[in-house]
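Novice:
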Amino acid sequence: MKFEKNILCIGAGYVGGPTMAMIAHECPQYKVTIVDINPDRIAQWNSDSLPIYEPGLDELVKATRDRNLFFSTDIEQGIRENDIIFVSVNTPTKTFGTGAGMAADLQYWEKTARQILEHSTSPKIVIEKSTLPVRTAHAMERILNSTQKSVRFDVLSNPEFLAEGTAINDLKNPDRVLIGSRETEEGLKARNALVEIYANWVPRKKIITANIWSSELSKLVSNAFLAQRVSSINAISALCEKTEADVSEVAKAVGSDSRIGSRFLNASIGFGGSCFKKDILNLVYLCRHYGLDDVADYWEGVIKINFYQQERFVQNMLTAMFNTLAGKRICLFGFAFKANTGDTRESPAIYVARRLLEEQAEVVITDPKALDNARIDLANAQGKIHFVDDPYEAAKGCHAIAIMTEWALYGELDYARLYRDAEKPAFIFDGRNILDPQHCFEVGFNVFSIGKRPRTHF
Ligand code: UDX
Ligand code: ADP
C-alpha cells in the first residue's frame, strides 16, 4: 500500500511510543515507524506486553500495529526511508564533567543527529520531540550542516506536553500543540508540513506556532511553572501543620480565584517524574550560564522545597513514632511517582524508602504497576526490603502505612481490617491526602496527613 507520508520516530520511550501511536491512529494515510537502539524495548513494543503501562495505550497499539505503525531496530533504514523524523531519545541530567547534576546530557541526542546526517540521501525535516535546552536546534543545525552533503535539513521544535497516566487523552485532546521553526521561507514550509499532520485531529486554533527558541524554552518553562505550583502548596502545607490550618481547605479557597485556578494544588510528598526536576535543573543551569544568578536562585528554590518536603515527611514519621524507626516494619502504599503509571523515575518513594532503610526500618513495598521498577531502583539498597503485590498482605504486621502514590485503590481499602492486622500502636502517614483521616482515626490508627492536624490516640 502507498502511504501519503512516511514518518519516523527515533526513541521508543514514554514520549515517542504513545505520541507516534496517536499519529498512526489518527492518520491511517501515513506510515509511522518507531526505531530504538534497545532491541528488548522494540521486542516488547511488538509483543502483547508493552514496555510501558499507560491507560488506553494497549488498545491504540493493537489497532495500528502492522497496519501503519511499525516498530524496528533498523535505525539506518528508518532514516533512509523517511523524510519526517521525530527525535525522542532521552536527555537525562548530566552525571559527569561540566554541568554534572544540572545540565542536560546531550550525548544520545547528538549521536542521533550524526546518524541522521550519515544516512540521509534526501531532504529531511528533523523534529525535536525530546525536551532540550533552549538553543539546541542551533547545535543540531550545525551538526546536520557540518559536511558538504547537498541534502537539506530543516529543524523544528515540537515539545510534547503529555503527562503520564493521562497520555492518551492528552494526545487526543491537547490544550495546545506547539511548533517552533526558523522564520525563513524553508523553515515556515517545514513548519506547515508539521501543522498539517496535527491538523488531522487537533483544531487549528490549538496549534500554536512560534520561533524555534520560544518553543524550546516554553517546554522548560511550562514544567517549571507546574512544579512551582506543587512546591508552593507543599511549602504552605508545612505552615498548615504548625498552625492547624488545613492545606486542602486553603488550596480550595485559593484555587477558587479564577486568576489562580484550582488544578495542580494537591499538597503531596513531593513531585517526581522524569521531567520536573531535570527541566528545572536545566533551566537553572541555563540562567547561570547567561549570568542570571538571581533568576537561577529563584527557580532553584522549587527544587529545594521539593527535597525539603520529602525529608520533612521522613522526619514527621520519626517524631511521631517515638524518634526511632529501627526494627519497625513500614509499608509503603505505592511506589510510582504518580497514579496510573508504572514509572518510578524520580519518585519520592525512592528517597523515602532509602531514608527509612537508613533508619534501620524494615520496608514493605506494594504497588499495582511499579513493583518491577521498584526492585530495580532499590537493587543496591542495604537493609530489609520486601515487595508484595497484595496491599492487605503487605501491611500485615506493620507498625505504619505510608501512602506514597495516589492510586484510587488505596482510597477504597478496608481500613478497619488493615488496623486489625497492624502492629499497635498503628500509624498512617498519608503523603497524598487521599484518605479520610477521621475515618482512619476512628478505626484505630494514629493519622498524619500532609498539611493537616494530626489525629492521635495519645
Ligand atoms: C509533567 C507535565 O505535566 C507534562 O506536561 C510534561 O510533558 C511532562 O512532565 P508528568 O511528569 O507525567 O508530566 O506528571 P504530572 O502530572 O505533571 O505530575 C508530576 C509530579 O507532580 C507527580 O509526582 C505528581 O504526583 C506531582 N503532583 C502533581 C503533586 O504532587 N501535586 C499536584 O497537585 C500535581
Ligand atoms: P522519554 O520519557 O523522554 O520518552 P525514555 O527514556 O522513555 O525517555 O525513552 C528514550 C528512548 O530513546 C529509549 O528507549 C532509548 O533506548 C532510546 N534511545 C536513546 N538513544 C538512542 C539512539 N541513539 N538511537 C535510538 N534510540 C535511542
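For the sequence shown, the positions run 726 to 1183 when our numbering is used. Even glycine gets a Cβ: it sits at the ideal position worked out from N, Cα and C.
Assign Y1015 to one of two classes, buried (16 or more other C-beta atoms within 10 Å of its C-beta) or exposed (fewer than that).
Specialist: Here the question's residue 1015 lines up with position 290 in the sequence shown. Y1015 is exposed by the Cβ-count criterion.
Novice: Could you give the first and the last residue of the continuous alpha helix (DSSP H) run that contains I1075?
Specialist: Position 350 of the sequence shown holds residue 1075. It spans P1073 to E1083 - the alpha helix (DSSP H) in which I1075 sits, taken as one unbroken run.
Novice: Among G738, L951, G1176 and T789, which one has its Cα closest to the Cα of S987?
Specialist: Against the sequence shown, residue 987 aligns to sequence position 262. S987 has its Cα closest to that of L951, out of G738, L951, G1176 and T789.
Novice: May I ask you to check if the CB of I841 is nearer than 8 Å to at least one heavy atom of the ligand ADP?
Specialist: On the sequence shown, residue 841 is found 116 positions in, with the first residue counted as 1. Checking every heavy atom of the ligand ADP against the Cβ of I841, none is found closer than 8 Å.
Novice: With DSSP run on the structure shown, which of helix, strand or coil describes C1056?
Specialist: Here residue 1056 refers to the residue found at position 331 when the sequence shown is read from its first residue. If DSSP states are grouped into helix, strand and coil, C1056 belongs with the strands.
Novice: Below 8 Å on the Cβ atoms is my guess for E853 versus V880; work out the distance and round it to an integer in Å.
Specialist: Within the sequence shown, the letter at position 128 stands for residue 853. Within the sequence shown, the letter at position 155 stands for residue 880. Contact flag correct, Cβ pair sits at about 7 Å.
Novice: So, using beta-carbon positions, are G998 and F1062 closer together than 9 Å?
Specialist: Mapped onto the sequence shown, residue 998 falls at position 273. Mapped onto the sequence shown, residue 1062 falls at position 337. In this structure, F1062 lies closer than 9 Å to G998 by Cβ.
Novice: What does the alpha-carbon distance come out to for the pair Y739 and Y923?
Specialist: In the sequence shown, the residue the question calls residue 739 occupies position 14. In the sequence shown, the residue the question calls residue 923 occupies position 198. Going from the Cα of Y739 to the Cα of Y923 covers about 19 Å.
Novice: Look up G905 in the DSSP assignment and give the residues it is bridged to.
Specialist: One-based indexing of the sequence shown puts residue 905 at position 180. Its beta-bridge partners are S882 and A935.
Novice: Kindly indicate the opening and closing residues of the beta strand (DSSP E) around N1098.
Specialist: Numbered from its first residue, the sequence shown carries residue 1098 at position 373. N1098 -> not in any beta strand (DSSP E); alpha helix (DSSP H) instead, spanning L1096 to D1102.
Novice: List in chain order: all unbroken alpha helix (DSSP H) runs of 4+ residues lying wholly within the segment 756-842.
Specialist: If you keep only unbroken alpha helix (DSSP H) runs of at least 4 residues inside the segment 756-842, you get 764-770, 782-789 and 800-806.
Novice: According to DSSP, is D971 helix, strand or coil?
Specialist: Along the sequence shown, read from residue 1 onward, the residue named residue 971 stands at position 246. Coil.
Novice: So, for H750: in the same chain, excluding its five sequence neighbours on each side, which residues have a beta-carbon less than 7 Å away from its beta-carbon?
Specialist: Your numbering for residue 750 matches position 25 in the sequence shown. Hits under 7 Å: L785, A788 and T789.
Novice: Am I right that A976 and A992 are in contact with their C-beta atoms under 8 Å? What's the rounded C-beta distance?
Specialist: Taking the first residue of the sequence shown as 1, we reach residue 976 at position 251. Taking the first residue of the sequence shown as 1, we reach residue 992 at position 267. Between A992 and A976 the Cβ distance is about 7 Å, and since that is below 8 Å, they are a contact.
Novice: On the three-state DSSP scale, how would you describe K1063?
Specialist: In the sequence shown, the residue the question calls residue 1063 occupies position 338. Coil at K1063, not helix or strand.
Novice: Need the endpoints of the beta strand (DSSP E) that N731 sits in, please.
Specialist: By one-based count along the sequence shown, residue 731 stands at place 6. Its beta strand (DSSP E) spans residues K730 to I735.
Novice: Classify E1137: buried if its beta carbon has 16 or more other beta carbons within 10 angstroms, exposed otherwise.
Specialist: By one-based count along the sequence shown, residue 1137 stands at place 412. When all chains shown are included, E1137 counts as exposed.
Novice: On a CA-only basis, which of T823, T909 and C734 is nearest E806? Give me that one, please.
Specialist: Within the sequence shown, residue 806 is the residue found at index 81, counting from 1. For E806, the nearest C-alpha among the options comes from C734.
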